[in-house]
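K.L.:
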Amino acid sequence: MTITTPDDFTQRWRQPPNFPLDVRFDYTFLPAIDVLDHVRRDEEVRFTVLGDDDWQVRMDRTAAFRTAPIEEVVTWPFRLVHFNLSRFYEDLLDGFQEEVMIPWRTHLSAWGFTWQRLAPILFLSTEGASSTYHNDNSHGLVWQVHGIKTFHSYLDPDQHLPADAAVLGETTAEDPPEHDATDRQSVTMRPGDQLWSHALTPHWVTTESALAMSVTLSHGALCHHGAFSERELALRSYWDKNPAEAWTHDLRNVRY
1 MTITTPDDFT QRWRQPPNFP LDVRFDYTFL PAIDVLDHVR RDEEVRFTVL GDDDWQVRMD
61 RTAAFRTAPI EEVVTWPFRL VHFNLSRFYE DLLDGFQEEV MIPWRTHLSA WGFTWQRLAP
121 ILFLSTEGAS STYHNDNSHG LVWQVHGIKT FHSYLDPDQH LPADAAVLGE TTAEDPPEHD
181 ATDRQSVTMR PGDQLWSHAL TPHWVTTESA LAMSVTLSHG ALCHHGAFSE RELALRSYWD
241 KNPAEAWTHD LRNVRY
């Protein structure tokens with residue numbers, strides 16, 4: 001069931017599985033290929049060239065990724081992420097702060113939520129590319145903008161990765177471990193689709209179209225009337241016991 005009301009959202013956000021939602025933002029992105037051409041040149045972008053080609057081919061493509069003709073780059077298998085989209089609020093993402101981030105923060109505040117971090121993350125990838133298998137310390141509102149991706153997680157994450165293990169970072173790998181397909185929750189996302197991804201739940205994302213672009217609004221330390229989600233309680237407990245480590249771990253997955 002797609003979540004469309006504040007009451008439904010506040011009931012569902014506390015525990016997995018992930019769920020579709022429908023948040024109306026009055027914002028139109030530039031074409032995905034134009035976004036890619038812009039962000040690939042930025043010094044803070046992270047990308048990984050993939051594929052079955054030999055090592056030298058991947059190294060050559062990696063070296064040329066920022067400058068090769070964009071029509072050629074989009075034929076290569078790759079995944080790309082940018083964590084600091086505020087760098088583009090005056091040009092590529094003009095109006096994004098006013099039309100997306102401020103309204104969403106306002107809605108959350110009105111619904112009784114607080115947070116310590118709320119920022120957008122950009123993802124671009126080509127057909128056949130997959131993210132790493134990982135979990136995040138933050139909740140994500142995943143917004144599919146262009147192309148098709150499938151977001152994979154589990155119906156019951158505790159069976160595959162308890163929250164205590166997720167806190168210690170025992171998730172990250174290039175591919176998910178062997179598991180029963182009936183345990184998996186796979187949601188195919190097309191332009192305009194949105195999904196809530198719970199903090200500390202293992203997941204991976206595959207690209208099903210020639211080029212795909214999504215934006216995730218990442219919520220760190222989200223709580224409702226002072227109460228955290230069930231899995232995030234493990235993170236807060238760990239930091240209480242290890243105060244020297246609190247907030248020293250970046251909230252982003254560095255192996256994307």
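Numbering (full-length UniProt numbering), first residue to last: 1 to 256.
Positions of the beta carbon are idealized from the N, C-alpha and C atoms, including for glycine.
Report yes if the C-beta distance between H152 and P176 is below 9 Å; otherwise report no.
P.N.:
The residue given as residue 152 occupies position 152 in the sequence shown. The residue given as residue 176 occupies position 176 in the sequence shown. Yes, the pair counts as a contact, with Cβ atoms nearer than the cut-off.
K.L.:
On a CA-only basis, which of L155, L118, Y154 is nearest H139? Give me that one, please.
P.N.:
Your numbering for residue 139 matches position 139 in the sequence shown. When only C-alpha atoms are compared, the closest one is L118.
K.L.:
Assuming S109 is part of the alpha helix (DSSP H), what are its boundary residues?
P.N.:
For the purposes of this step, residue 109 is taken as residue 109 along the sequence shown, with counting starting at 1. Segment 102-110, the alpha helix (DSSP H) holding S109.
K.L.:
Which same chain residues, not among the five before or five after R184, have their C-beta less than 8 Å away from its C-beta?
P.N.:
What you label residue 184 is simply residue 184 of the sequence shown in a count that begins at 1. If we look at R184 and ignore the five residues flanking it on each side, its Cβ neighbours are H152, S153, Y154, L155.
K.L.:
Going by Cα to Cα distance, which pick from A212, A110, E170 is closest to T188?
P.N.:
Indexing the sequence shown from 1 puts residue 188 at position 188. Residue nearest to T188 within the set A212, A110, E170 is A212 (criterion: CA-CA distance).
K.L.:
Do you know how far the Cα of T28 is from the Cα of F96?
P.N.:
As a working mapping, residue 96 is identified with position 96 in the sequence shown. As a working mapping, residue 28 is identified with position 28 in the sequence shown. Near 9 Å, if we compare the C-alpha coordinates of T28 and F96.
K.L.:
Of the choices H203, E174, T114, whose alpha-carbon is the least far from that of H225?
P.N.:
For the purposes of this step, residue 225 is identified with residue 225 of the sequence shown, where counting begins at 1. Minimum Cα distance to H225 is reached at T114.
K.L.:
Report all residues from its chain with a CB closer than 6 Å to the CB of V205; omit the five preceding and five following residues, and keep chain order.
P.N.:
Translated into positions along the sequence shown, residue 205 becomes position 205. S131, K149, F151.
K.L.:
Grab me the residues of R252's own chain with a C-beta within less than 6 Å of its C-beta, minus the 5 sequence neighbours each way, in chain order.
P.N.:
Looking up residue 252 in the sequence shown gives position 252. Unreliable placement is indicated for R252, whose pLDDT of 43 sits below 50; no coordinate value is reported for it.
K.L.:
Among residues of its own chain, excluding the 5 on either side of A234, which ones have a beta-carbon nearer than 6 Å to its beta-carbon?
P.N.:
If you number the sequence shown from 1, residue 234 lands on position 234. Cβ contact annotation for A234 (same chain, cutoff 6 Å, sequence separation greater than five): A163, D164, V167, in chain order.
K.L.:
So what's A199 in DSSP terms, helix, strand or just coil?
P.N.:
Here residue 199 refers to the residue found at position 199 of the sequence shown. Look at A199 here: in three-state DSSP terms it is coil, with no helix or strand label.
K.L.:
Tell me the residue span of the alpha helix (DSSP H) that contains T4.
P.N.:
As a working mapping, residue 4 is identified with position 4 in the sequence shown. Here T4 belongs to no alpha helix (DSSP H), and DSSP marks it neither H nor E.
K.L.:
Could you tell me how far apart the beta carbons of T62 and V49 are, in whole angstroms, since I believe they sit closer than 8 Å?
P.N.:
Counted from its first residue, the sequence shown places residue 62 at position 62. Counted from its first residue, the sequence shown places residue 49 at position 49. Between T62 and V49 the beta-carbon gap is near 5 Å, inside 8 Å, which marks them as a contact.
K.L.:
Mind reading off the beta-carbon distance from L92 to H38? Whole number of angstroms is fine, and I expect it under 8 Å.
P.N.:
Against the sequence shown, residue 92 aligns to sequence position 92. Against the sequence shown, residue 38 aligns to sequence position 38. Contact flag correct, Cβ pair sits at about 5 Å.
K.L.:
Would you check if the distance between the CB atom of V81 and the CB atom of F123 is smaller than 9 Å?
P.N.:
Numbered from 1 along the sequence shown, position 81 holds the residue referred to as residue 81. Numbered from 1 along the sequence shown, position 123 holds the residue referred to as residue 123. Against a cut-off of 9 Å, the Cβ pair of F123 and V81 comes out as a contact.
K.L.:
Restricting to Cα atoms, I'd like to know which of S218, A173, S86 is closest to L42.
P.N.:
As a first step, residue 42 must be located in the sequence shown, where it is residue number 42. Correcting the residue identity first, residue 42 is Asp in this sequence and not Leu. Selected option, being the one with the closest Cα: S86.
K.L.:
What residue range does the beta strand (DSSP E) around V49 cover?
P.N.:
Residue numbering aside, residue 49 sits at position 49 when the sequence shown is read from its first letter. Run containing V49: 46-49, per the beta strand (DSSP E) assignment.
K.L.:
Alpha carbon to alpha carbon, what distance is there between D136 and R255?
P.N.:
Sequence index remark: in the sequence shown, residue 255 carries index 255 (1-based). Sequence index remark: in the sequence shown, residue 136 carries index 136 (1-based). The predicted position of R255 is uncertain, since its pLDDT is 43 and thus under 50; a value taken from the coordinates is nonetheless stated next. Each residue's Cα considered, the two are about 12 Å apart.
K.L.:
Return the chain-ordered list of same chain residues with a C-beta closer than 6 Å to the C-beta of W55, the five sequence neighbours on each side being excluded.
P.N.:
In the sequence shown, the residue the question calls residue 55 occupies position 55. Here the set comprises nothing.
K.L.:
How far does the beta strand (DSSP E) with I121 in it reach, from first residue to last?
P.N.:
Translated into the one-based positions of the sequence shown, residue 121 becomes position 121. I121: member of the beta strand (DSSP E) spanning 117-126, first to last residue.
K.L.:
Residues in its own chain within less than 6 Å of D250 by CB, not counting five upstream and five downstream?
P.N.:
Taking the first residue of the sequence shown as position 1, residue 250 is located at position 250. Residue placement at D250 is poorly supported in this model, since its pLDDT is 49, which falls under 50; the coordinates still yield a value, given next. Annotation for D250: no residue places its beta carbon closer than 6 Å to its own, counting only its chain and skipping 5 residues before and after.
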